[in-house]
Amino acid sequence: MTALPILLLNGPNLNTLGTRQPDVYGSDTLDDVVALAERAASDEGFGLRAFQTNHEGDMIDAIHAARGEVGAIVINPGGWTHTSVALADALVIPEVPIVEIHISNVHAREAFRHHSYISPIAAGVIAGFGIAGYEYAVRRAAALARG
Numbered sequence: 511m512t513a514l515p516i517l518l519l520n521g522p523n524l525n526t527l528g529t530r531q532p533d534v535y536g537s538d539t540l541d542d543v544v545a546l547a548e549r550a551a552s553d554e555g556f557g558l559r560a561f562q563t564n565h566e567g568d569m570i571d572a573i574h575a576a577r578g579e580v581g582a583i584v585i586n587p588g589g590w591t592h593t594s595v596a597l598a599d600a601l602v603i604p605e606v607p608i609v610e611i612h613i614s615n616v617h618a619r620e621a622f623r624h625h626s627y628i629s630p631i632a633a634g635v636i637a638g639f640g641i642a643g644y645e646y647a648v649r650r651a652a653a654l655a656r657g
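The opening position of the sequence shown corresponds to residue 511 in this note's numbering, with each subsequent residue numbered one higher.
What follows is the structure, given as structure tokens:
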């Protein structure tokens, strides 16, 4: 039996990686993130589906569509981390492990970034290690998907 793929979700403004605040987010692009995540998933024997959107409803629709189709979700919710109860509610629908990832250390930044609506439903949170955190997030998601 083939393992269900890992779903990699990136929220608002992450499509501008490499150009938006490189002092905070680095110079790597979203394509670099996806390539890194694909390699990690492949190493673990999983496929990877990647999706990025700046539209919250589209993200929620993608999460709904993932039910029964993916083994785990790795998500960088971007600014929705701190604002979206609706996103948190949607993430429980697929009934798979969730790993929350942030490129910057959100706890070393503005106070509003210290709260996450996603963390309480996540198996783990990785923050502050640049895009390298995505590799660990995918590897951990794969381990959780295996059970």
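Quick reminder that beta carbons are idealized off the backbone N, C-alpha and C, glycines included.
Bounding residues of the alpha helix (DSSP H) (the contiguous stretch that carries residue i)
{"i": "Ile573", "result": "566-576"}
{"i": "Val534", "result": "532-535"}
{"i": "Val595", "result": "595-601"}
Contact check, residue i vs residue j, beta carbons under 9 angstroms
{"i": "Gly581", "j": "Pro515", "result": "yes"}
{"i": "Ala598", "j": "Tyr627", "result": "yes"}
{"i": "Ile583", "j": "Leu518", "result": "yes"}
{"i": "Ile636", "j": "Glu610", "result": "yes"}
{"i": "Gly638", "j": "His617", "result": "yes"}
{"i": "Ile585", "j": "Asn525", "result": "no"}
Neighbour-count burial assignment, residue i, 16 or more Cβ in a 10 Å radius
{"i": "Pro604", "result": "buried"}
{"i": "Ile613", "result": "buried"}
{"i": "Asn615", "result": "exposed"}
{"i": "Thr591", "result": "buried"}
{"i": "Phe622", "result": "exposed"}
{"i": "Arg650", "result": "buried"}
{"i": "Val606", "result": "buried"}
Residue i, DSSP secondary structure in three states
{"i": "Val616", "result": "helix"}
{"i": "Asn586", "result": "strand"}
{"i": "Leu517", "result": "strand"}
{"i": "Gly657", "result": "coil"}
{"i": "Glu554", "result": "coil"}
Cβ-heavy atom distance, residue i to the ligand MG, below 8 angstroms
{"i": "Ile603", "result": "As far as ligands go, the structure on display features none, and thus does not contain the ligand MG."}
First through last residue of the beta strand (DSSP E) which encompasses residue i
{"i": "Val635", "result": "634-637"}
Chain D contact for residue i (CB, 9 angstroms cutoff)
{"i": "Ala632", "result": "Protein chains in the displayed structure number just one, and chain D is not present."}
Counting beta carbon pairs with one atom in the region 635-654 and one in the region 540-552, are three or more of them shorter than 8 angstroms?
yes
Would you check if there are 3 or more beta carbon pairs closer than 8 angstroms linking the region 527-539 to the region 555-565?
Taking a cut-off of 8 angstroms for Cβ pairs, the region 527-539 and the region 555-565 do not touch, as fewer than three such pairs fall below it.
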